[in-house]
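**Q**
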Amino acid sequence: MSISVATPNAEAGEIATDAPPSLSMPGAYYDIVAGLGWRNRLAHASVDLRDGARLWRLIWTLSVLDIRLRYRGSMLGPFWLTLSTSVMVGALGFLYSRLFHTDIHTYLPFLSLSLVLWNFISILVSEGCTSFTQSEVMIRSMRMPLTIHAGRVVVRNVLVLAHNIIVIVAVFAIMDAWPGIKAFLAIPGFALWLVDGLAACLLLGAFCARFRDVPPIVASVMQIAFFVSPILWSPSVLAHRGLGIVLLNWNPFYALLEIVRGPMLGAIPSTETYLCAAGYSVGLIFFAGLVFVRTRARISFWV
């Protein structure tokens with residue numbers, strides 16, 4: 052089924068065709084593409100992604116507005132997260148450094164960096180589940196690229212991460228654990244994170260719009276991943292055990308975490324780690340693309 056309705060262009064005297072809608076097209080455009088083939092669905096999804104990228108200023112504005120509304124009336128605003136993270140890092144750092152018999156000057160920078168980065172990943176995945184359902188009013192009331200809502204979640208969490216970086220800088224300064232020029236190797240890894248984050252929001256947002264039982268499942272999976280990933284404990288703890296090798300090699304969160312955390316700790320990740328991170332990312336992006344192309348036309352009816 053494919054129904055396209057458009058108002059005539061008064062100046063050119065033309066009527067919109069079945070081509071994918073664009074923000075530059077005049078008049079109202081209503082498109083029902085639930086029954087189109089994969090080629091047409093891919094064309095519509097590509098236009099959605101392109102138009103969403105063109106509206107990056109809107110994404111930024113919505114993200115900043117979300118943070119302002121979330122902490123409206125608060126004196127510290129998002130810096131409450133910075134304060135709570137610093138308290139957690141200090142408490143867990145002194146406790147687990149004694150439990151693991153590790154030098155606190157080495158463990159505390161590792162823990163602070165791991166917790167801040169993991170909080171970014173965990174919250175991004177959690178909020179990605181509601182990237183479409185929380186924007187249901189906007190989706191129903193106006194024609195807007197759906198990728199805007201996914202990008203909004205990513206940018207919002209990047210801004211929160213920027214506040215929490217203060218904790219990392221403070222710990223590194225106190226412990227005198229500066230990574231040096233190797234820290235710049237984390238930039239490509241973080242760029243990959245942003246692409247993966249957008250893909251995860253599109254994937255989980257579509258699934259959770261259709262199946263409302265998915266968010267609790269995702270939350271449980273992320274909680275398990277927190278304990279089986281080297282966040283509170285260093286990979287060297289299980290380096291000489293077979294179970295540790297399995298956890299590290301088959302845990303996608305470890306590879307993705309290490310390509311950013313490793314350089315910021317002054318260590319260059321192995322080639323195997325980079326290949327695993329790239330492989331997991333390609334799989335995530337491909338699967339998210341398939342789901343988004345298939346479900347994009349139905350999301351407005353699901354939310």
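According to my numbering, the residues represented by the sequence shown are 52 to 354, in order.
Note that beta-carbon positions come from the ideal geometry of N, C-alpha and C, so glycine has one too.
(1) Return the Cβ separation of C180 and P281 in integer angstroms, given the expectation that the two are a contact with Cβ distance under 8 Å.
(2) Nearest-angstrom Cα distance between Y325 and N170?
(3) Buried or exposed: which applies to D227, given that a residue is buried once 16 or more other Cβ atoms fall within 10 Å of its Cβ?
(4) Please report the distance separating the alpha-carbon of T157 from that of R261.
(5) Considering only their Cβ atoms, is the gap separating M139 from A237 smaller than 7 Å?
(6) Quick one: give me the first and last residue of the alpha helix (DSSP H) that D102 is part of.
(7) Could you please give the first and the last residue of the uninterrupted alpha helix (DSSP H) stretch that includes D247?
(8) Taking 7 Å as the threshold (C-beta atoms), are G248 and L164 in contact?
(9) With a CB to CB cut of under 6 Å and the five nearest residues on each side skipped, what residues in its chain are close to W131?
(10) May I have the straight-line CA-CA distance separating L210 from R119, to the nearest angstrom?
(11) Taking contact to mean 3 or more Cβ pairs, one atom from each stretch, closer than 8 Å, check whether the segment 240-260 and the segment 133-153 are in contact.
(12) What is the DSSP secondary structure of P266, counted as helix, strand or coil?
(13) Does the distance from the CB of A201 to the CB of C259 come in under 7 Å?
**A** If we stick to the structure as given:
(1) Stepping through the sequence shown from its first residue, residue 180 is reached at position 129. Stepping through the sequence shown from its first residue, residue 281 is reached at position 230. The distance from the Cβ of C180 to that of P281 is about 25 Å, inconsistent with a contact at the 8 Å cut-off.
(2) On the sequence shown, residue 325 is found 274 positions in, with the first residue counted as 1. On the sequence shown, residue 170 is found 119 positions in, with the first residue counted as 1. Cα-Cα distance, rounded: 22 Å.
(3) The residue labelled residue 227 in the question sits at position 176 within the sequence shown. Label assigned to D227: exposed.
(4) Indexing the sequence shown from 1 puts residue 157 at position 106. Indexing the sequence shown from 1 puts residue 261 at position 210. Near 46 Å, if we compare the C-alpha coordinates of R261 and T157.
(5) What you label residue 237 is simply residue 186 of the sequence shown in a count that begins at 1. What you label residue 139 is simply residue 88 of the sequence shown in a count that begins at 1. In this structure, the beta-carbon distance from A237 to M139 does not fall below 7 Å.
(6) For the purposes of this step, residue 102 is taken as the residue at position 51 of the sequence shown. That run of the alpha helix (DSSP H) goes 89-105.
(7) Looking up residue 247 in the sequence shown gives position 196. Counting along the chain, the alpha helix (DSSP H) containing D247 begins and ends at 237-261.
(8) Position 113 of the sequence shown, counted from the start, is the residue given in the question as residue 164. Position 197 of the sequence shown, counted from the start, is the residue given in the question as residue 248. Taking 7 Å as the Cβ cut-off, L164 and G248 do not qualify as a contacting pair.
(9) Residue mapping note: residue 131 aligns to position 80 of the sequence shown, counting from 1. Once the five neighbours on either side are set aside, W131 has no close Cβ partner at all.
(10) As a first step, residue 210 must be located in the sequence shown, where it is residue number 159. As a first step, residue 119 must be located in the sequence shown, where it is residue number 68. Going by the C-alpha atoms only, they are around 11 Å apart.
(11) The segment 240-260 is not in contact with the segment 133-153.
(12) Working through the sequence shown from its first residue, we reach residue 266 at position 215. If DSSP states are grouped into helix, strand and coil, P266 belongs with the helices.
(13) Position 150 of the sequence shown, counting from 1, holds the residue named residue 201. Position 208 of the sequence shown, counting from 1, holds the residue named residue 259. Judged by their CB atoms, A201 and C259 are not nearer to each other than the 7 Å cut-off.
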